[in-house]
Amino acid sequence: MDKWPETLQEAIQYFTEEANCNAFMIAIRWADGVVRCPHCDSDNVTYLPSQRRWKCYSKHPRPQFSLKVGTIFEDSPLGLDKWLPAVWLICNCKNGISSYELSRDLAITQKSTWFMLHRIRLAMQTGTWKKLGGPGSAIEADETFVGGKLANMHLDKQTRMRMGKKRTGGYEGKTVVMGLLERHSKGSKARVKVLPNTRAWHVRRNVIENVERGSNVYSDGLHSYRNLPVDGYIHEFIDHAEAYVRGQVHTNGLENFWSLFKRALKGTYVSVEPYHLQAYADEQCFRFNERKSTDFQRFALTMMQIVGRRLTYKELTGKQEELERDPG
Ligand SMILES: [Zn+2]
Numbered sequence: 510m511d512k513w514p515e516t517l518q519e520a521i522q523y524f525t526e527e528a529n530c531n532a533f534m535i536a537i538r539w540a541d542g543v544v545r546c547p548h549c550d551s552d553n554v555t556y557l558p559s560q561r562r563w564k565c566y567s568k569h570p571r572p573q574f575s576l577k578v579g580t581i582f583e584d585s586p587l588g589l590d591k592w593l594p595a596v597w598l599i600c601n602c603k604n605g606i607s608s609y610e611l612s613r614d615l616a617i618t619q620k621s622t623w624f625m626l627h628r629i630r631l632a633m634q635t636g637t638w639k640k641l642g643g644p645g646s647a648i649e650a651d652e653t654f655v656g657g658k659l660a661n662m663h664l665d666k667q668t669r670m671r672m673g674k675k676r677t678g679g680y681e682g683k684t685v686v687m688g689l690l691e692r693h694s695k696g697s698k699a700r701v702k703v704l705p706n707t708r709a710w711h712v713r714r715n716v717i718e719n720v721e722r723g724s725n726v727y728s729d730g731l732h733s734y735r736n737l738p739v740d741g742y743i744h745e746f747i748d749h750a751e752a753y754v755r756g757q758v759h760t761n762g763l764e765n766f767w768s769l770f771k772r773a774l775k776g777t778y779v780s781v782e783p784y785h786l787q788a789y790a791d792e793q794c795f796r797f798n799e800r801k802s803t804d805f806q807r808f809a810l811t812m813m814q815i816v817g818r819r820l821t822y823k824e825l826t827g828k829q830e831e832l833e834r835d836p837g
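Residues in the sequence shown are numbered from 510 upward in steps of one, following this note's numbering.
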């Protein structure tokens, strides 16, 4: 292997070769570059070029396996020559890529690309449960609304007045998305969560679950944030009816994130079912948080999570029997 692809054109070219697809998968799955059987972990295996599969010499059922076994590509009839360019496209297209575009690019049906994109999004979900922030750090908290007639409207004072006391419902078909952003000189990191509504309990729980105590939390004046200080956060808010910035107290980082997110939703995905919104939000978050990486780095990072995401995919597809097996 001389060199990995760096641009879209190089990637498309590179992954048309089966040997290159395999080389990449092996490099990302096994640090020592030695292929092992997914069933028994033996390295006594041989490649069968006509089958495009490996064969394990240990005695057990299903001795043949492909490099897709144990990843979110498992049980897909599509080859790595379709999957790898698809991953490259979704993690590197700034506004995402629709199943229709991907269908044209890869010359396969839109139904197939729709499922592919959902599987890949699964891998783009945050791989860490580490909380944001810590003492001295600055966290922005803000929420936005997606869908419905008042599409993509920020919950400013005017909106809140028009919505009156309808705080318990889904705001007339709109979905609440809450964002948290840790400011950092090397690049802020965002995390987003779809909430049932903006009631204090949900907002506070989301902060407690995702932000270290002792952090500075900056938000707008939404009522639901006002009780945060009792939980050990240094909370300051700004009433957007009066001003948007007061020194460090602002949510401009998240405003920037929301504008990218809405551009992807409106321009690329057009209409997103509320049920799938979390996945699209995570996809946008991944590209935002990795915006300083190169295309190849973003691709490799997504691929590492694809390899590690087998359990999540199994859980989703209800194939529980796989969970008992090798968790590595
Ligand atoms: Zn084996």
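Positions of the beta carbon are idealized from the N, C-alpha and C atoms, including for glycine.
Since I believe residue 617 is in contact with residue 606 (beta carbons under 8 Å), could you give me their beta-carbon distance rounded to a whole number of angstroms?
-> As a first step, residue 606 must be located in the sequence shown, where it is residue number 97. As a first step, residue 617 must be located in the sequence shown, where it is residue number 108. Actually they do not touch by this definition, with Cβ atoms about 14 Å apart.
Under a three-way DSSP split, which group does residue 622 fall into?
-> Indexing the sequence shown from 1 puts residue 622 at position 113. If DSSP states are grouped into helix, strand and coil, residue 622 belongs with the helices.
For the beta strand (DSSP E) holding residue 649, just list the boundary residues, first then last.
-> Counting from one through the sequence shown, the residue named residue 649 turns up at place 140. Here the beta strand (DSSP E) through residue 649 covers 647-655.
Exposed unless 16 or more other CB atoms sit within 10 angstroms - verdict on residue 752 | Against the sequence shown, residue 752 aligns to sequence position 243. That one is exposed.
Where does residue 806 fall in DSSP's three states?
-> For this step, residue 806 is matched to residue 297 along the sequence shown. DSSP places residue 806 in the helix class (H, G or I) of the three-state scheme.
Can you list every residue whose CB sits closer than 5 Å to some heavy atom of ligand 1, going in chain order?
-> 546, 548, 549, 551, 565, 567
Comparing alpha-carbon positions, which option in 771, 774, 745, 772 lies nearest residue 760?
-> Reading the sequence shown from its first residue, position 251 is the one you call residue 760. Per the C-alpha coordinates, the member of 771, 774, 745, 772 positioned closest to residue 760 is 745.
Of all the options 517, 540, 513, which has the alpha carbon lying nearest to the alpha carbon of residue 528?
-> For this step, residue 528 is matched to residue 19 along the sequence shown. The option with the nearest alpha carbon to residue 528 is 513.
Starting from residue 600 and walking both ways along the beta strand (DSSP E), at which residues does that stretch end?
-> Within the sequence shown, residue 600 is the residue found at index 91, counting from 1. No beta strand (DSSP E) holds residue 600; the alpha helix (DSSP H) holding it covers 589-601.
Selection from 697, 803, 601 that minimises the alpha carbon distance to residue 633 = The residue you call residue 633 lines up with position 124 of the sequence shown. Taking only the C-alpha atoms, the option nearest residue 633 is 601.
At which residues does the beta strand (DSSP E) containing residue 689 begin and terminate?
-> What you label residue 689 is simply residue 180 of the sequence shown in a count that begins at 1. Unbroken beta strand (DSSP E) run through residue 689: 684-691.
Given residue 644 as reference, the closest of 724, 803, 522 once Cα atoms are compared | Your numbering for residue 644 matches position 135 in the sequence shown. Residue 724 is the option with its Cα nearest to residue 644.
DSSP beta-bridge partners of residue 729 | Against the sequence shown, residue 729 aligns to sequence position 220. Its beta-bridge partners are 747.
Roughly how many angstroms separate the alpha carbons of residue 524 and residue 538, rounded to a whole number?
-> Here residue 524 is taken as the residue at index 15 of the sequence shown, counted from 1. Here residue 538 is taken as the residue at index 29 of the sequence shown, counted from 1. Taking the straight line from one Cα to the other gives about 17 Å.
Alpha carbon to alpha carbon, how far is residue 798 from residue 575?
-> Within the sequence shown, numbered from 1, the residue matching residue 798 stands at position 289. Within the sequence shown, numbered from 1, the residue matching residue 575 stands at position 66. Approximately 32 Å between the Cα atoms of the pair.
Cβ neighbour criterion (16 or more within 10 Å) applied to residue 520 = Stepping through the sequence shown from its first residue, residue 520 is reached at position 11. With 16 or more Cβ atoms within 10 Å of its Cβ, residue 520 is classed as buried.
Rounded C-beta distance between residue 655 and residue 786? I'm assuming under 8 Å.
-> What you label residue 655 is simply residue 146 of the sequence shown in a count that begins at 1. What you label residue 786 is simply residue 277 of the sequence shown in a count that begins at 1. That belief holds up - the Cβ atoms of residue 655 and residue 786 are roughly 6 Å apart, short of 8 Å.
Alpha carbon to alpha carbon, how far is residue 640 from residue 718? Give it in angstroms, no decimals.
-> For the purposes of this step, residue 718 is identified with residue 209 of the sequence shown, where counting begins at 1. For the purposes of this step, residue 640 is identified with residue 131 of the sequence shown, where counting begins at 1. C-alpha separation (whole angstroms): 7 Å.
Please indicate yes or no: does the CB of residue 760 lie closer than 7 Å to some heavy atom of ligand 3?
-> For ligand 3, the structure offers nothing, since it holds only ligand 1.
What is the residue span of the beta strand (DSSP E) that residue 703 lies within?
-> One-based indexing of the sequence shown puts residue 703 at position 194. For residue 703, the uninterrupted beta strand (DSSP E) run begins and ends at 698-704, by DSSP.
Residue 715, buried or exposed, once every other Cβ within 10 Å from all chains shown has been counted against 16 = Locating residue 715 in the sequence shown gives position 206, where the first residue counts as 1. Buried, since its Cβ has 16 or more Cβ neighbours within 10 Å.
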